[in-house]
Amino acid sequence: MRLPARRIREFLIEKLIFLSGIASVIFVALIFVFLLREGVSVLKVTSLGSFLGGRFWYPISSPAKLGILPLILGSLLVTAGAVVIAVPLGILAAFYIAEVAPKRLRTILKSCVEVLSAIPSVVLGFLGITVLVPFLKNVLHLPTGLTAFSGSLMLAFMALPTIITISEDAINAVPREYKDGALALGATHWQTLYRVVIHGALPGIIAAAMLGIGRVFGETMAVMMVTGNAAVIPHSLFEPVRTLTATIAAEMGEAAKGSPHYFALFAVGLVLFIISFAINLTADLLLNRGRKR
Amino acid sequence: MWIPARKSVLTTLVLGIVVFACSCGGKNAGTENNSTLQIKGSDTMVNLGQAWAEAFNKLHPEINVAVTGGGSGTGIAAILNGTCDIAESSRALEEKEIQQAKAAGITINETIVALDGIVVVVHPSNPISALTMDQLREIFMGNVTRWNLFGGEDRPIVLLSREVNSGTHIFFKEHVLRRGKSKGPEEFAPAALMMPSSYAIAEETAHNENAVGYYGLGYISPRQKVLAVARDDRSPAVAPTIDSVRANAYPISRPLYFFTRGEPAGRVKEVLDFTLSPEGQKIVRDNDFVPVR
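In structure tokens, the structure reads:
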């Protein structure tokens, strides 16, 4: 009698773990199906070309103008700006913390990075609107400090902890023999870092950068507070932009259910989902290529 | 034996979730309730209505007041159909609606319960202190992009608007850009920055010499300069104050109405009297509207 009881328990535990394991797959699939179902309805009022390529976003006018090209470009521009700032800074910081810094400084730096990651985005946005935005306007002589660049700076701050922590793990995971071998061959510390360690850690560093980009692309609150949210096609980093995420956050609360505006916002979510998915897929492909080598 | 049992547990669980989800979704459906007083209409007034309802409920726990939005037109249609007790509206009855009421043999009673005034603000250093409605229209539609055209300094104009989900955004658009019509081709310039809150508009105008924005009368602070507005070239410019809004001398203002079927009586009258009482009018002021008494 005992054996079946134990087997039932094991069976249940096994199935529970299985369910937990595939839960994320189910959730992603359900979210995608839901977004698709609601978002595709926007094609009843506009064509795919004029939705993705339209230059004007006036969602509550009649007839509504539902062109999200400025929003897509806004999101991409803010993300690109943040990546250019955060990726080099994050990787260099990771190298410093992992390889160069004295032991005590390393502990302090690591806890500082952790604190940085714990700051809520709305607090960063608040600092941005009261300090960064007026500062940038005065220093760079801009018409307004509410620009894509302000958003990029905020987002770079938010992506840094992710990039630093994961890069540092990757650097620490490089087998000690590699370093010892290089040093034994007479390479300096710098040469070892530059020629050996970076190669061993590259897949992890790329993953770190990609996760950072993913974080930046999907961030909403801080961006909404400092980028100005004007739905115009941006020509430089120093102009206001409106991102996909900010558009959904700002407008979803009041969009009448079943209206073209409502479906358009779901379609914006779908576009966001597809772009995020593409970023993650690229990261995976790069990682796999790195591992094979 | 135990495999089907397990399945049935799962089925029950899934069924439970579905039933739960349905019951959540259907919550708004049951409106036909004798103990509940229905207030419906203007989105601008939803928060005000809810604040009134909460305070009223404390005095009269036996009367339950439910407030929903949907727009002034929705509220008026509901009062004509008899599906609500009070319609909140940010506009007067249209001729068509008066005809409908006559045809149905109903008299609609209107009461002005509050006033809504929108002020235009600039940076305190801006030399301009008054503009006409037409000048505001040109500025916010993006036809005039530098301050010197209206006697200001040679600076670019940075437009600050609220997001499309804001009643203030819609009122400003209809009242200033479209000269009082609810539909029309006029839109805010695409370059207008969409700010997520009145706070964000106040903050940016306090820091930026180029900025011009608008917000509710209750938000006035010494950190921004409030512009006087003239109805047209021949009229004097009027500064927005509670008195000038009440006297209908300030052009960017409107009355907010309660519409009832016939003379208000019973519970409807109690609610109406409460909104006009000193306590009710204090709530008006707390919600950044102008009290009528």
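Here the protein sequences come in this chain order: S and G.
Numbered by the working numbering, the letters in the first sequence go through residues 1 to 293 in order.
Numbered by the working numbering, the letters in the second sequence go through residues 1 to 293 in order.
Quick reminder that beta carbons are idealized off the backbone N, C-alpha and C, glycines included.
In this text the structure is predicted, and so the values were computed from the model without any measurement.
- Taking 8 Å as the threshold, the shortest C-beta distance from M45(G) to chain S does not fall below it.
- The Cβ atoms of V83(S) and I213(S) sit closer than 8 Å to each other.
- For G228(S), DSSP records a beta bridge to V241(S).
- Within chain G, H207, N208 have C-beta atoms less than 8 Å from the C-beta of K137(S), given in sequence order.
- Rounded to whole angstroms, L160(S) and N287(G) show a C-alpha spacing of 40 Å.
- Nearest C-alpha to P196(G) among L105(S), L146(S), S167(S): L146(S).
- Looking at the DSSP output, V229(G) shares a beta bridge with L131(G), V238(G).
- Note that the C-beta distance between S253(G) and G117(G) is below 8 Å.
- For G213(G), the uninterrupted beta strand (DSSP E) segment begins and ends at 211 to 216.
- With a threshold of 8 Å between beta carbons, S50(S) makes no contact with chain G.
- Annotation: Cβ neighbours of E187(G) in chain S (cutoff 8 Å, chain order): Y58, S61.
- Below the 8 Å Cβ cutoff, chain S contributes no neighbours of V176(G), its closest Cβ being approximately 16 Å away.
- Its Cα nearest to that of M210(S), the residue I279(S) stands out among L105(S), I279(S), L136(S).
- Beta bridge pairing from DSSP links G41(G) with E88(G).
- From the listed residues Y199(G), P236(G), V245(G), the smallest Cα separation to F126(S) is found for Y199(G).
- In summary, P143(S) is buried, with 16 or more beta-carbon neighbours lying within 10 Å of its beta-carbon over all protein chains present.
- Taking CB atoms only, P156(G) has a neighbour in chain S less than 8 Å away.
- Cβ contact annotation for A228(G) (same chain, cutoff 7 Å, sequence separation greater than five): S129, A130, A237, V238, A239, in chain order.
- DSSP places M195(G) in the uninterrupted beta strand (DSSP E) bounded by 193 to 195.
- For T130(S), the neighbours in chain G by C-beta distance under 9 Å run, in chain order, E203, H207.
- Closer than 9 Å at the C-beta level to chain G, one finds these residues of the segment 6 to 21 of chain S: I8, F11, L12, K15.
- Counting only residues of its own chain and dropping the five nearest sequence neighbours on each side, A93(S) has a CB closer than 7 Å to the CB of I164.
- Going by DSSP, F157(S) is part of the alpha helix (DSSP H) stretching over 148 to 172.
- Ranked by Cα distance from H60(G), the options D273(G), G184(G), D85(G), T68(G) are led by D273(G).
- Within chain G, the residues placing a beta-carbon under 7 Å from that of G228(S) are L193, ordered along the chain.
- Taking C-alpha positions only, V122(G) is separated from K137(S) by approximately 16 Å.
- For V164(G), the chain S residues whose Cβ falls inside 7 Å of its Cβ are P59, I60, E251, in order along the chain.
- For L146(S), the C-beta contacts it makes with chain G under 7 Å involve L193, E204, in order along the chain.
- Counting the other CB atoms within 10 Å of its CB gives D233(G) a total below 16, which places it among the exposed residues.
- Under the three-state reduction of DSSP output, N138(S) falls in the helix class.
- Excluding sequence positions up to five before and after S182(G), its CB lies within less than 6 Å of the CB of E174, all in the same chain and listed in chain order.
- Contact of K183(G) with chain S is assigned, a C-beta pair being separated by under 8 Å.
- No Cβ of chain G is located within less than 8 Å of the beta carbon of A93(S).
- Only exposed fits H199(S), as fewer than 16 other CB atoms lie within 10 angstroms of its CB.
- Listed along the chain, the chain S residues whose CB falls inside 8 Å of the CB of A211(G) are T144.
- Contact between A255(S) and L244(S) does not hold, since the beta-carbon distance rounds to 15 Å and is not under 8 Å.
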